[in-house]
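J.: Got a structure for you, questions after.
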Amino acid sequence: MRLSVKAEEVATFYGRMLDHEYTTKEVFRKNFFNDWRKEMTAEEREVIKSLDKCDFTEIHRYFVDKAAARRVLTREEKQKLKEEAEKLQQEFGYCILDGHREKIGNFKTEPPGLFRGRGDHPKMGMLKRRVMPEDVVINCSRDSKIPKPPAGHQWKEVRSDNTVMWLAAWTESIQNSIKYVMLNPCSKLKGEKAWQKFETARRLRGFVDEIRSQYRADWKSQEMKTRQRAVALYFIDKLALRAGNEKEDGEAADTVGCCSLRVEHVQLHPEADGCQHVVEFDFPGKDSIRYYNRVPVEKPVYKNLQLFMKNKDPQDDLFDRLTTTSLNKHLHELMDGLTAKVFRTYNASVTLQEQLRALTRAEDSIAAKILSYNRANRAVAILCNHQRATSSTFEKSMQNLQTKIQVKKEQVAEARAELRKARAEHKAQGDGKSGSVLEKKRRLLEKLQEQLAWLSVQATDKEENKQVALSTSKLNYLDPRISIAWCKRFRVPVEKIYSKTQRERFAWALAMAGEDFEF
């Protein structure tokens with residue numbers, strides 16, 4: 001069937017994703033089909049009434065072939081594409097800020113497509129519409145050269161606001177949230193903001209003992225409002241929960257944070273998993289990612305939760321006397337600049353530092369030290385509930401890795417036999433030539449053993465991290481000075497921990513952190 005241009009474009013968005021897990025989800029399929037039908041002509045809607053009867057395999061094959069063709073491009077063709085991308089980067093990817101040429105982070109708007117979301121987002125599969133110049137607000141100084149919109153179009157607005165960091169903004173069509181063009185994380189201004197964020201979290205060190213003593217005392221307060229605030233603060237501190245009520249206006253997803261927990265999200269167990277006073281949490285967190293945790297709590301917290309839940313329906317608020325606004329006001333009173341996110345950053349960084357101390361041994365190989373680092377990072381990711389779905393290619397890549405390990409084991413066994421043979425020959429002959437051969441065989445065995453150890457560490461790391469997203473905490477919640485100091489202390493190359501882009505992002509930390517840095 002020959003489709004109209006609009007209907008065909010939306011069909012290609014779905015066809016391109018045909019082998020993706022999303023297209024098996026009923027919510028995704030339903031939302032896609034509803035939005036696709038809106039783009040069809042009346043005649044097309046008369047014919048296409050059921051997604052189950054549509055065959056997208058030809059469209060999917062087109063994109064598979066296109067990807068295959070890209071993979072076999074010649075070096076010259078790849079170089080040409082790289083040069084074209086660099087030309088775009090030079091033209092649109094920089095701005096002048098306070099007289100300095102600074103790199104822009106994302107100078108392209110998001111293309112149209114199907115919204116994916118994270119977790120079980122109720123809007124997954126909906127059509128993400130094309131951003132037009134008429135949607136975009138440009139922010140630049142009055143005396144700057146204003147970028148020209150495409151021919152026949154105009155910007156929504158051009159303004160000069162030096163109190164914000166964004167250079168352009170538009171509202172996306174799915175959740176009506178504002179998207180921004182920002183400076184690159186490695187820019188001077190972004191680096192200063194990051195430094196301030198981690199310094200605020202470090203400052204919490206001097207207040208945290210007093211804050212903890214205060215909220216413990218407040219568990220016995222005569223005021224229900226104070227008790228609820230104290231228990232919520234305990235959860236924000238100990239479990240790194242978000243404050244809650246952070247949804248964008250118009251967001252349909254029922255996402256929950258600490259202040260917006262309902263009775264149905266919490267179950268109390270007098271005893272479970274060999275512990276007393278266990279609280280079971282089960283709720284959709286940020287980006288609709290499920291937060292599930294069973295954790296033993298202190299007895300007064302448990303007793304207070306029983307009190308808060310008494311005579312309430314499952315849909316009722318657990319903390320009905322508490323709001324995010326009142327909690328944040330209280331946090332500001334405890335310490336200037338303190339928010340739930342500062343607590344999260346503080347506890348994440350402290351956890352990393354403690355885990356690195358506990359797991360790292362100076363005598364370990366570089367590979368073993370990196371495994372220890374990733375395990376410490378994973379402890380933080382688990383604390384912050386940074387989950388991800390296991391990749392569809394995980395099993396295949398693990399099989400490939402195990403095959404490499406097996407081949408390397410055989411090479412090690414062969415090299416060990418060769419070394420034994422060379423040792424026997426050297427013992428019999430005792431000349432310089434046989435000694436040189438022996439040394440060569442010994443070095444080869446050492447090299448192969450090192451490669452085998454590295455592959456084994458990779459396999460362990462891959463298995464342990466298959467459902468945990470390490471990069472979110474690593475880039476946003478962990479003071480990079482901790483990692484850099486650890487690298488210097490244990491003689492681990494920084495490039496083994498941070499990529500080139502990440503090293504540019506944390507240039508300020510690389511310049512500041514010595515091996516004796518303490519968070």
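Taking full-length UniProt numbering, the leading residue of the sequence shown gets 1, the next gets one more, and so forth.
C-beta atoms are modelled at their ideal positions from N, C-alpha and C, and glycine is treated no differently.
Fair warning: this is a prediction, and the values are worked out from it, not measured in the lab.
1) Is it right to say proline 111 is buried, meaning 16 or more other beta carbons lie within 10 angstroms of its own, or is it exposed?
2) Which parts of the stretch 285-341 are runs of the alpha helix (DSSP H), unbroken and 4 residues or longer, counting only runs that do not cross its ends?
3) Are arginine 118 and isoleucine 289 touching if we call contact CB-CB under 9 Å?
4) Could you spell out the range, first to last residue, of the beta strand (DSSP E) harbouring isoleucine 138?
5) Can you give me the start and stop residues for the beta strand (DSSP E) that tryptophan 170 sits inside?
6) Under the assumption that arginine 216 contacts serine 173 (Cβ atoms under 8 Å), give the Cβ distance between them as a whole number of angstroms.
7) Go ahead and label serine 372 buried or exposed: buried means 16 or more other beta carbons lie within 10 angstroms of its beta carbon, across all protein chains shown.
8) What distance in whole Å lies between the Cβ atoms of arginine 481 and alanine 509, which are believed to be in contact at a cut-off of 8 Å?
9) Pop quiz: asparagine 304 and arginine 227 are said to be a contact at Cβ under 8 Å. What is the actual Cβ separation, rounded to whole angstroms?
10) For glutamate 515, which of Asn328, Asp143, Arg357 and Pro122 has the nearest alpha-carbon?
11) Apart from the five residues on each side of it in sequence, which residues of its chain come closer than 8 Å, Cβ to Cβ, to methionine 132?
12) Between the alpha carbons of cysteine 54 and alanine 151, how many angstroms are there, rounded?
13) For leucine 73, which of helix, strand or coil comes out of DSSP?
14) Excluding sequence positions up to five away, which residues of its chain have a Cβ less than 8 Å from the Cβ of arginine 142?
15) Closest to leucine 307 by CA distance: which of Pro149, Glu77, Val231 and Leu470 is it?
16) Put arginine 37 into one of helix, strand or coil per three-state DSSP.
17) If you draw a straight line from the C-alpha of alanine 415 to the C-alpha of histidine 121, how long is it?
18) If you measure between the beta carbons of residue 535 and valine 279, is that distance less than 9 Å?
19) Identify the continuous alpha helix (DSSP H) that holds isoleucine 484 and give its terminal residues.
20) Taking only the alpha-carbon atoms, compute the straight-line gap between arginine 37 and phenylalanine 13 and give it to the nearest angstrom.
21) Measuring alpha carbon to alpha carbon, tell me which residue in Leu455, Phe92, Gln79 and Val164 is nearest isoleucine 146.
22) Counting Cβ pairs, one atom from each stretch, are 3 or more of them under 8 Å apart for the stretch 262-276 and the stretch 309-318?
23) Residues in the same chain with beta-carbon distance under 8 Å from asparagine 106, minus the five sequence neighbours each way, listed in chain order, please.
24) Give the straight-line distance between the Cα atoms of phenylalanine 97 and isoleucine 138, rounded to the nearest whole angstrom.
25) Mapping DSSP to helix, strand and coil, what is isoleucine 370?
26) Given this structure, state the Cα-to-Cα distance separating cysteine 258 from aspartate 282, to the nearest angstrom.
27) From this set, Asp135, Glu210 and Trp195, which residue's C-alpha is nearest serine 177's C-alpha?
28) With a floor of 4 residues, list each alpha helix (DSSP H) that falls wholly inside the stretch 208-260, ordered by position along the chain.
29) Does the distance from the C-beta atom of leucine 233 to that of methionine 335 stay below 9 Å?
30) By the 10 Å Cβ neighbour count, where 16 or more other Cβ atoms means buried, how is aspartate 19 classified, buried or exposed?
31) When you compare the stretch 349-363 with the stretch 375-382, are there three or more beta-carbon pairs, one atom per stretch, that lie closer than 8 Å?
32) For the putative contact between aspartate 35 and methionine 126, defined by C-beta atoms under 8 Å, what is the C-beta separation to the nearest angstrom?
33) Please state whether DSSP places glutamine 196 in a helix, a strand or coil.
34) Within 10 Å of its beta-carbon, does aspartate 218 have 16 or more other beta-carbons around it, so buried, or fewer, so exposed?
35) What would DSSP say about glycine 113, mapped onto helix, strand or coil?
36) Judging by CA-CA distance, which residue of Val27, Met40 and Arg29 is the nearest neighbour of alanine 7?
T.: Reading it off the structure:
1) exposed
2) 299-309 and 324-334
3) yes
4) 137-139
5) First-last of the beta strand (DSSP E) with tryptophan 170: 168-171.
6) So it is not a contact: roughly 47 Å between Cβ atoms.
7) Buried, because 16 or more other Cβ atoms sit within 10 Å of the Cβ of serine 372.
8) 5 Å
9) 6 Å
10) Comparing Cα positions, the closest option is Arg357.
11) Only His153 meet the Cβ criterion.
12) Taking the straight line from one Cα to the other gives about 38 Å.
13) Residue state for leucine 73 is assigned as coil, using DSSP reduced to three classes.
14) Cβ within range, chain order: Ser160.
15) Val231
16) helix
17) 54 Å
18) Lying outside 1 to 519, the shown extent of the chain, residue 535 is not represented and no answer is given.
19) 480-489
20) 14 Å
21) Phe92
22) yes
23) Excluding its 5 nearest sequence neighbours in each direction, asparagine 106 has C-beta neighbours in its own chain below 8 Å: Val181 and Met182, listed in chain order.
24) In the sequence as presented, phenylalanine is not what sits at residue 97; that position holds leucine. So the two alpha carbons sit approximately 15 Å from each other.
25) helix
26) As the crow flies, the alpha-carbon of cysteine 258 is around 12 Å from that of aspartate 282.
27) Asp135
28) 208-218 and 224-239
29) no
30) exposed
31) The answer is yes - the stretch 375-382 touches the stretch 349-363, with three or more Cβ pairs under 8 Å.
32) 5 Å
33) helix
34) buried
35) strand
36) Ranking the options by Cα distance to alanine 7, first place goes to Met40.
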